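Novice: In the numbering used here, the protein residues as written are 330 to 556.
Here a beta-carbon is modelled for each residue, glycine too, at the ideal position from N, C-alpha and C.
None of the values given here were measured: they were computed from a predicted structure.
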Ligand SMILES: [Zn+2]
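#1: Got a sec? Which residues, its chain only, sit under 7 angstroms from residue 318 by beta carbon, not counting five neighbours each side?
#2: Just tell me which of 539, 421, 431 and 398 has its CA closest to the CA of residue 412.
#3: Give the straight-line distance between the Cα atoms of residue 449 and residue 378, rounded to the nearest whole angstrom.
#4: Taking a contact to mean a Cβ-Cβ separation below 8 angstroms, would you say residue 372 touches residue 532 in this structure?
#5: Any idea if residue 404 is buried or exposed, counting beta-carbon neighbours within 10 angstroms, 16 or more meaning buried?
#6: Taking 7 angstroms as the limit, name every residue whose beta carbon sits nearer than that to some heavy atom of ligand 1, in sequence order.
#7: Grab me the residues of residue 338's own chain with a C-beta within less than 6 angstroms of its C-beta, minus the 5 sequence neighbours each way, in chain order.
#8: Thinking residue 410 and residue 344 are a contact (beta carbons under 8 angstroms), I'd like their distance in whole angstroms, please.
#9: Indicate the three-state DSSP secondary structure (helix, strand or coil) for residue 475 in the structure shown.
#10: If residue 454 and residue 399 are in contact, beta carbons under 8 angstroms, what's the gap, nearest whole angstrom?
#11: Need the endpoints of the alpha helix (DSSP H) that residue 341 sits in, please.
#12: Does the count of Cβ pairs from the stretch 453-471 and the stretch 520-536 closer than 8 angstroms reach three?
#13: Going by the CB atoms, is the gap between residue 530 and residue 332 shorter than 8 angstroms?
#14: Would you grab the beta carbon distance between residue 408 and residue 436 for me? Rounded to a whole angstrom, and I think it's under 8 angstroms.
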């Protein structure tokens, strides 16, 4: 998924307001961050499917496949990355509930990617079985299901952390709209000319989204007693 992972982060803020939204975005996107770093290192990667002929109107997800993905995106490794992040957070903040929520946010990445990807999700490195429900094969179904999840999470977040000023409103909405358009481009758009740079471009893009989430967290204090 794409905005679905950000939805998890926004809902996490409702469940445990003490965690920064930036940390929650980092958690929900952690397997992708691991993948981008491993792509740059040449260990994981995305490539054109063998024999594919790129035709006008072809979508990226129909033309590309992952070559290696199990260190960042298997269920077992999701639990490992989640455990590491939760342990690091707990060591610093002594917040058990927060640590559990971060762990769950990281593991949720596998579940959401399992729902959206064609079968390319493994249970553990070294296992050959691949799973995926392929929601992304249908643009309308993706817009409805992942889009509804994203919209619902935004509503929940805006109730937990309402904007105290116009500036804080803009800081949230401009990137949120941009993120929504990037998501649409990702599911409907053509494949990139050069998949080998995806690691660099995505690492930059999603690092900016984490910085954005920390910024929103500063500008929008949480109101207590949200019903
Ligand atoms: Zn992912």
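Specialist: Answer, in terms of the structure:
#1: In this structure the chain extends from 330 to 556, so residue 318 is not present and cannot be described.
#2: Taking the chain shown and counting its residues from 1, the one referred to as residue 412 is at position 83. Checking every option, the nearest Cα to that of residue 412 belongs to 431.
#3: As a working note, residue 449 is residue 120 in the chain shown. As a working note, residue 378 is residue 49 in the chain shown. Straight-line Cα distance between these residues: approximately 13 angstroms.
#4: By 1-based counting over the chain shown, the position of residue 372 is 43. By 1-based counting over the chain shown, the position of residue 532 is 203. For residue 372 and residue 532, no; Cβs fall outside 8 angstroms.
#5: Translated into positions along the chain shown, residue 404 becomes position 75. Answer is buried; the Cβ neighbour count reaches 16.
#6: 360, 361, 364, 402, 438 and 442
#7: The residue you call residue 338 lines up with position 9 of the chain shown. The residues are 353, 354 and 357.
#8: As a working note, residue 410 is residue 81 in the chain shown. As a working note, residue 344 is residue 15 in the chain shown. With 8 angstroms as the limit, residue 410 and residue 344 do not qualify as a contact, their Cβ atoms being about 20 angstroms apart.
#9: The count along the chain shown starts at 1 and reaches residue 475 at position 146. Residue state, collapsed to three classes: helix.
#10: For the purposes of this step, residue 454 is identified with residue 125 of the chain shown, where counting begins at 1. For the purposes of this step, residue 399 is identified with residue 70 of the chain shown, where counting begins at 1. Contact holds; Cβ gap of about 4 angstroms.
#11: For the purposes of this step, residue 341 is identified with residue 12 of the chain shown, where counting begins at 1. Its alpha helix (DSSP H) spans residues 332-344.
#12: no
#13: Indexing the chain shown from 1 puts residue 332 at position 3. Indexing the chain shown from 1 puts residue 530 at position 201. For residue 332 and residue 530, no; Cβs fall outside 8 angstroms.
#14: If you number the chain shown from 1, residue 408 lands on position 79. If you number the chain shown from 1, residue 436 lands on position 107. That belief holds up - the Cβ atoms of residue 408 and residue 436 are roughly 6 angstroms apart, short of 8 angstroms.
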